[in-house]
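Basically the working numbering = 1-based index in the sequence shown + 159. Quick reminder that beta carbons are idealized off the backbone N, C-alpha and C, glycines included.
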Amino acid sequence: METTRQAERQRTAAESRRRELLEAADRVVLRDGPGASMNAIAAEAGITKPILYRHFGDKGGLYRALAKRHTDALLSALRAALDAPADRRQRIEATLDTYLAAIEARPQVYRFLMHPSDDAAPSSEQGFDVGRHSAPLLRRLGEELATVIAERVDLGPDSAQTARIWGHGIIGMAQAAGDWWLSERPCSREQLVRSLADLLWGRLAEVGDRPGGTGF
């Protein structure tokens, strides 16, 4: 029994320490964006780089932990928008706005998650090469949205496959449009939301909700 309690205390302490390190990494990402490095994160956390590697394995392991942390938070916010007591068009606009507001509020985090560190200054410790990691993040968002669509919308024959096409297509559209908008700011966020919703609205205006579901 004592061995079990000790193991539980060690696990809790390890999880707490991991959260502290991720918070330190977040602070560096907010400052440095894609140029964030293991050296800078270790210094921010007040530890040596080998200790940071002990917790996350390598830069890819730390990136994946940060990506999961931020993706979990984004998905929670998107689900809240999809569950809001409003009509379908309003929920679509609210969901698009939630995504765009998130990348607007923390652009350095977005760039860290979605863009390679092409502009990182040459040094012994380059920034994270996240280009090869961003595709799985987008796939996760696409699959999550596909699940919501499949559960809520009656798409007829091949409904599950159609839901996956829609889920990944919507995420790809939102990511590409948001990336362009965040870089150039050619219009207001409200205008972008309305225009994207207009693009999506055709078929979405026609399909019915699944009987007994929460609606989409």
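- L234 is positioned such that its CB atom lies no closer than 8 Å to that of E302.
- Counting only residues of its own chain and dropping the five nearest sequence neighbours on each side, D368 has a CB closer than 8 Å to the CB of R311, V312, D313, G374 and F375.
- An exposed status is given to R168, since fewer than 16 other beta-carbon atoms sit within 10 Å of its beta-carbon.
- A Cβ-Cβ distance of about 7 Å is found for the pair L300 and T230, placing them in contact under the 8 Å criterion.
- Excluding residues up to 5 positions away in sequence, nothing lies with its Cβ nearer than 6 Å to the Cβ of E365 in the same chain.
- Taking 8 Å as the cut-off, the Cβ atoms of R265 and G192 do not count as close.
- A check of alpha carbon separations from I308 across D242, H274, T257 and Q267 identifies D242 as the nearest.
- Around the beta carbon of Q334, 16 or more other beta carbons sit within 10 angstroms, so the residue counts as buried.
- Rounded to whole angstroms, the gap between the alpha carbons of G331 and L341 is 15 Å.
- Between the alpha carbons of T306 and Q249 lies a gap of roughly 20 Å.
- A distance below 7 Å between beta-carbons, with the five flanking residues on each side excluded, links R228 to the following residues of its chain, in chain order: L181.
- In the three-state DSSP reduction, D185 falls in the helix class (H, G or I).
- By the criterion of a C-beta distance shorter than 8 Å, A260 is surrounded in its chain by R348, once the five residues flanking it on both sides are discounted.
- One thing to note: L296 has its Cβ within 8 Å of the Cβ of A226.
- Burial check for E252: the Cβ neighbour count within 10 Å reaches 16 or more, so the residue is buried.
- L211 and G315 have their alpha carbons spaced roughly 50 Å apart.
- Each residue's CA atom was taken as its position, placing D317 and A173 some 45 Å apart.
- Annotation: the continuous alpha helix (DSSP H) that includes R353 extends over R348 to L363.
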